[in-house]
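Worksheet: one structure, shown below.
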Amino acid sequence: MKKTHLFFDLDRTLWDFENNSKNALNKIYEAEQLNQYFEHFLEFLSLYKNINKKLWQAYSKHQITKNQLRDRRFIECFEKKNIKNEQLAKKISDLYIEISPQQTKLFPNTLETLSYLKKSNYTLHIITNGFEEVQFKKLKNSKLEDYFTNVICSEQVGFNKPDKRIFLHALNVAKTESNKAVMIGDDLKVDILGANQLGIETILFDPNNEYGTVFDTHKIQNLIELKKRF
Numbered sequence: 165m166k167k168t169h170l171f172f173d174l175d176r177t178l179w180d181f182e183n184n185s186k187n188a189l190n191k192i193y194e195a196e197q198l199n200q201y202f203e204h205f206l207e208f209l210s211l212y213k214n215i216n217k218k219l220w221q222a223y224s225k226h227q228i229t230k231n232q233l234r235d236r237r238f239i240e241c242f243e244k245k246n247i248k249n250e251q252l253a254k255k256i257s258d259l260y261i262e263i264s265p266q267q268t269k270l271f272p273n274t275l276e277t278l279s280y281l282k283k284s285n286y287t288l289h290i291i292t293n294g295f296e297e298v299q300f301k302k303l304k305n306s307k308l309e310d311y312f313t314n315v316i317c318s319e320q321v322g323f324n325k326p327d328k329r330i331f332l333h334a335l336n337v338a339k340t341e342s343n344k345a346v347m348i349g350d351d352l353k354v355d356i357l358g359a360n361q362l363g364i365e366t367i368l369f370d371p372n373n374e375y376g377t378v379f380d381t382h383k384i385q386n387l388i389e390l391k392k393r394f
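Numbering-wise, my numbering puts 282 at position 118 of the sequence shown, and it's gapless, one number per residue.
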């Protein structure tokens, strides 16, 4: 069966989350003079990344709310340094939500590949666990929005990847079937195994070869490789 619909993850697949997040946090660190609380930026960054990962896992399991995630990640950064300053943590949280989606670094060959796929008459979509208002800003600022017919956000749907219901919802929105679709993403569990539950063909984007040999999915290390597959 010919594939006609390609579903992409956004963060860490098209939009370079690690570098964009780091740049946003560095701007905040300097603007708010956080060197008075942390020994250096990399200490602040490391604390944030570990805490943010833990809280996102809790959010994906519906153990905390969106607002709790946003506020707690910076409150806990300060708590690790025995500092209680919720007012500053809230200010930093608001700044991060504002500045982060303004960053526009994409993975190599993103625009070239998307342009090729769209010109080749594939219908492109996004499936993301990120927060709706932030993800749409990222797409607009990075000049990605015109490539995609639908953007499916877990917050909007009520289910997070890898729950098969968000993939089923995406297929329904796209008016297509699982055997005509491909899911491309960077997370083996969230993107790949989730889509595999519905029999959707998958491609793991693994630019740093973190997963090594994988089974039940194709693997690429550069998005330009998609031109050879489609």
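Don't be surprised by glycine CBs; every beta carbon is placed ideally from N, CA and C.
Only a predicted model underlies this, so the values are computations on that prediction, with no experimental measurement involved.
Note that the C-beta distance between F300 and V315 is below 8 Å.
Inside the segment 282-340, DSSP marks whole beta strand (DSSP E) runs of 3 or more residues at positions 287-292, 314-317, from first to last along the chain.
Below 8 Å, enough C-beta pairs join the segment 272-285 and the segment 381-388 to call them touching: three or more. Per DSSP, reduced to three states, the secondary structure at L270 is strand. Around the Cβ of D355, a 10 Å sphere holds 16 or more other Cβ atoms; the residue is buried. Less than 8 Å separates the beta-carbon of K328 from that of Q361.
With respect to the 8 Å criterion, F242 and S257 are not classified as neighbours on the basis of their beta carbons. Judged by beta-carbon spacing, D180 lies within the 8 Å limit of K269, meaning their Cβ atoms are closer than that value. Here the segment 333-350 makes contact with the segment 362-380; the two share three or more CB pairs at distances below 8 Å.
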